[in-house]
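Shown next, in structure tokens, is the structure this report addresses.
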Amino acid sequence: MSWIGYLPQDLRDMLDKDERIYWAEKPKRAPLVFKSLAAMVIILPFMIIPIFILQIAGSVFFNPIVIIFFLFWYGILSIFAIAPLYNFLMWRNIWYVLTNKRVIIRTGLIGIDYDILELENIQQVNVNVGLIDKIYGTGTIVLQSIGVKPVALWAVKEPYKIQKTIRQAVEEAKNSHRFQ
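In my numbering, the protein residues as written are 217 to 396.
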């Protein structure tokens with residue numbers, strides 16, 4: 217399949233003339249967003265319980281220290297609360313591309329960021345499948361490379377098939393490098 221027509225122009229411009237695309241895909245949106253919604257289930261009690269405490273305490277709420285505490289408390293919790301919205305909006309810019317030379321991960325909400333791993337530097341290709349992934353038939357592929365933090369490809373459809381494709385591309389790149 218020719219992926220070149222589906223890729224954003226900036227990704228097409230990054231490719232070398234002799235570079236072949238083996239696989240390119242966007243993550244599946246629902247599991248990407250729902251994974252962060254799962255954290256909301258944990259955070260929800262921490263948002264609701266203080267409201268009940270305030271009703272019991274009554275006029276203590278108007279103490280400046282208590283007001284500052286609750287502003288801080290809900291400020292921190294709101295960071296976690298916007299995670300699903302962040303993932304929902306960021307989805308449109310995420311692309312994963314595997315070529316015969318490298319793996320390109322394009323992300324970003326406002327600005328576009330790229331993580332690029334040369335295939336011959338990749339040491340491990342792991343797959344993690346959680347509960348939400350199991351429901352949607354997706355998984356997270358974690359690429360571990362020399363000297364950099366592991367890079368994750370979230371909500372990938374058919375993760376074991378893609379893991380095999382990446383591992384084959386890595387072996388091919390390492391073998392071609394040995395004979396040069």
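Every residue gets a Cβ at the ideal spot worked out from N, C-alpha and C, and that includes glycine.
Considering only Arg383, Ile265, Pro300, Lys242, the residue with the shortest C-alpha distance to Glu334 is Arg383. Boundaries around Tyr352 are those of the alpha helix (DSSP H), 347-352, since no beta strand (DSSP E) includes it. Residue nearest to Ile292 within the set Leu231, Met263, Ala273 is Met263 (criterion: CA-CA distance). Inter-segment contact for the region 220-239 and the region 288-308 is absent: fewer than three beta-carbon pairs are separated by less than 8 Å.
About 7 Å separates the Cβ atoms of Val341 and Val386, confirming a contact at the 8 Å cut-off.
In the structure shown, Leu231 falls within a coil segment according to DSSP collapsed to helix, strand and coil. Bridge pairing for Arg245: absent [DSSP]. In this structure, the beta-carbon distance from Thr315 to Leu231 falls below 8 Å. Under the three-state reduction of DSSP output, Val341 falls in the strand class. The way I'd put it, the region 349-357 does touch the region 237-248; three or more beta-carbon pairs between them come closer than 8 Å. Between Ser361 and Asn337, the CB-CB gap stays under 8 Å. In this structure Ile348 does not touch Ala255 by the C-beta definition: roughly 11 Å separates them, more than the 8 Å allowed. For Leu301, the enclosing alpha helix (DSSP H) covers residues 299-306. Pro261 counts as exposed, since fewer than 16 other beta carbons sit within 10 angstroms of its beta carbon. Out of Trp289, Lys251, Val249, Ile284, the CA that lies nearest to the CA of Ile265 is found in Trp289. DSSP places Arg318 in the uninterrupted beta strand (DSSP E) bounded by 318-323.
Within 10 angstroms of the beta-carbon of Val276 lie fewer than 16 other beta-carbons, which makes it exposed. In the same chain as Glu235, and ignoring 5 residues on each side of it, the C-beta atoms closer than 7 Å to its own belong to Thr315, Asn316, Lys317, in chain order.
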